[in-house]
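What follows is a single structure, written as structure tokens, with notes after it.
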Amino acid sequence: MNEMVNEQIIDISGPLKGEIEVPGDKSMTHRAIMLASLAEGVSTIYKPLLGEDCRRTMDIFRLLGVDIKEDEDKLVVNSPGYKAFKTPHQVLYTGNSGTTTRLLAGLLSGLGIESVLSGDVSIGKRPMDRVLRPLKSMNANIEGIEDNYTPLIIKPSVIKGINYKMEVASAQVKSAILFASLFSKEATIIKELDVSRNHTETMFRHFNIPIEAEGLSITTIPEAIRYIKPADFHVPGDISSAAFFIVAALITPGSDVTIHNVGINPTRSGIIDIVEKMGGNIQLFNQTTGAEPTASIRIQYTPMLQPIKIEGELVPKAIDELPVIALLCTQAVGTSTIKDAEELKVKETNRIDTTADMLNLLGFELQPTNDGLIIHPSEFKTNATVDSLTDHRIGMMLAVASLLSSEPVKIKQFDAVNVSFPGFLPKLKLLENEG
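Given below as structure tokens:
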């Protein structure tokens with residue numbers, strides 16, 4: 090990704106009113122592209138997210154020999170199957186996508202395809218040792234700079250099954266192991282610390298790959314890849330993207346917003362639990378069941394929100410939403426805390442520090458801790474220029490914070506939002522206009 094230097098002036102006031110959909114879920118789009126590419130035949134992915142991160146995943150599979158066509162709101166994936174993948178003769182560029190980098194580290198190790206994975210400056214700073222350690226224990230031939238950073242150099246090897254106890258509650262690490270395990274002649278057992286998002290497991294089943302999950306234990310069978318079949322997949326709206334509109338409606342007087350077709354997988358729905366605990370006016374309807382359940386979500390402005398302690402198993406269920414949840418907590422009637430969130434340090438930025446730094450610049454009162462934040466009731470006091478620091482979720486969180494200001498707010502490097510939500514600002518303005 091090119092260095093993002095643009096500035097965006099956000100001048101939006103409430104109330105926010107109307108009905109919207111948000112882009113397809115980023116986590117599921119990545120995995121759908123990967124699994125459809127592994128399966129020989131044609132798979133169609135409906136309503137995928139076509140942000141920059143998912144395009145990096147698509148580009149890499151095209152280099153491996155997969156035909157992927159964009160057709161309005163769907164992707165048609167026509168794959169020769171994993172056995173016919175080509176050896177790439179160039180570096181596989183993952184851009185800003187940690188999901189692409191970490192999951193493909195496992196998948197390419199399992200495939201035994203000689204390759205190099207490398208991303209942008211941000212990815213070059215994000216730790217990869219948490220993925221390299223379990224993959225090496227599976228006999229993967231994979232190396233990084235200082236065994237921790239990209240580029241990752243992968244060479245052919247015979248993958249072995251492992252019995253692995255997770256060191257962190259990370260869906261990316263778990264998924265890297267699961268993708269590598271598809272090619273092992275032995276079973277693999279993973280024991281999680283806490284439940285993390287389970288899209289890889291549910292989507293394995295959708296593409297006919299056997300996998301067992303009970304409690305915190307996940308078990309794969311030997312050479313599970315042989316069962317894969319092409320499949321069509323409908324990507325629900327991304328709850329991580331919906332989170333910005335949920336918070337925007339809750340904190341903006343007079344607002345009444347409905348978001349349709351949002352994925353509410355119980356391993357991802359922490360923000361709904363948190364809003365309910367805080368007394369926020371939120372309702373779910375039109376619920377569907379299945380491997381990836383969905384719902385319409387109605388949110389109305391709620392004054393006098395209750396403070397909350399966010400910790401333990403609630404954290405991985407809301408990890409990507411915590412920056413905008415921290416903003417929400419500034420509008421509570423007492424002090425809130427976020428604990429057990431060390432994982433925020435290894436996102437696109439150290440989101441503990443960037444959330445506190447940027448919101449404090451605007452006059453809010455947040456204290457970073459080693460594993461989270463202490464958030465005091467506080468108001469927007471100054472329209473200082475702030476910066477996404479190339480982190481898409483920080484950029485969108487700051488845009489939502491601007492709703493609490495009576496003056497426009499300038500955000501540097503706002504283009505970062507295109508990583509996960511192209512069209513974010515027009516959608517926010519649409520609700521303002523309808524309001």
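For what it's worth, my numbering labels the leading residue of the sequence shown as 90, then goes sequentially. Even for Gly, the Cβ is constructed at its ideal location relative to N, Cα and C. All figures in this text were calculated on a predicted structure; none of them were measured in a lab.
Across the set A302, I248, F272, E161, the C-alpha of F272 shows the shortest separation from the C-alpha of L127.
In the structure shown, the three-state DSSP call for S330 is helix.
Shown here, E432 sits in a helix according to DSSP, grouped into three states.
Residue environment analysis places M393 among the exposed positions, since fewer than 16 neighbouring C-beta atoms fall within 10 angstroms of its C-beta.
In the displayed model, I266 falls within a helix according to three-state DSSP.
Only residues of its own chain outside the window of five on either side were considered, and among them N472 have a CB closer than 6 angstroms to the CB of E496, listed in chain order.
Bounds of the beta strand (DSSP E) holding I134 are 130–135. Measuring C-alpha to C-alpha distances from A505 to each of G140, I122, T118, I335 identifies G140 as the nearest.
Each residue's CA atom was taken as its position, placing S207 and R120 some 19 angstroms apart. With at least 16 other beta carbons inside 10 angstroms of its own, D142 counts as buried.
Taking the Cα of F510 as reference, the smallest distance to any Cα among Y238, V262, T118 is reached at T118. The region 305–369 contains, as complete alpha helix (DSSP H) runs of 4+ residues, the segments 328–340, 359–366 (chain order).
For T277, same chain residues with a beta-carbon under 6 angstroms away, outside a window of 5 residues either side, are G250, I251, S270, T309 in chain order. Sequence-distant Cβ neighbours of G184 in its own chain, meaning closer than 7 angstroms and more than five residues away, are M90, E141, D142, R145, G208, D209. T356 is a Cβ neighbour of K406, given a cutoff of 9 angstroms.
Contact check for T239 against M217 passes: the beta carbons are separated by less than 9 angstroms. Only buried fits Q420, as 16 or more other CB atoms lie within 10 angstroms of its CB. Residue pairing for A384: DSSP places it in a beta bridge opposite V351. In this structure, the straight-line span from the alpha carbon of G154 to that of R219 is close to 29 angstroms. Taking the Cα of I266 as reference, the smallest distance to any Cα among G199, E312, E521, A258 is reached at G199.
In the displayed model, V413 falls within a helix according to three-state DSSP. Contact between F334 and V324 is ruled out by a C-beta separation of about 18 angstroms, above the 8 angstroms threshold. The residue among E108, F503, M147, V111 with its C-alpha nearest the C-alpha of A125 is M147. Exposure of G512 is indicated by the presence of fewer than 16 other C-beta atoms within 10 angstroms of its C-beta.
Assigned with DSSP and collapsed to three states, H178 falls in coil, not helix or strand.
The Cβ atoms of G452 and D429 do not sit closer than 9 angstroms to each other. In chain order, T391, L394, Q395 place their CB closer than 7 angstroms to the CB of G368, counting only its own chain and leaving out the 5 sequence neighbours on each side.
Taking K163 as the centre and dropping the five residues before and after it, the same chain places the C-beta of T133, I134, Y135, K136, P137 closer than 8 angstroms to its C-beta, in chain order. Put simply, the backbone Cα of A332 is about 30 angstroms away from that of G195.
The region 280–296 makes contact with the region 244–263; the number of CB pairs closer than 8 angstroms reaches 3 or more.
If the five residues before and after H481 are omitted, its C-beta is found closer than 6 angstroms to the C-beta atoms of A505, V506, V508, S509, all from its own chain and listed in chain order. In the three-state reduction of the DSSP assignment, T291 falls in the helix class. In the structure shown, S102 falls within a coil segment according to DSSP collapsed to helix, strand and coil. Counting only unbroken stretches of 3 or more residues, the beta strand (DSSP E) elements lying wholly within the region 230–277 are 230–234, 238–244, 252–254, in sequence order. At a cut-off of 4 residues, the continuous stretches assigned as alpha helix (DSSP H) that sit fully inside the region 418–462 are 440–450. Here DSSP, grouped into helix, strand and coil, assigns A302 to strand.
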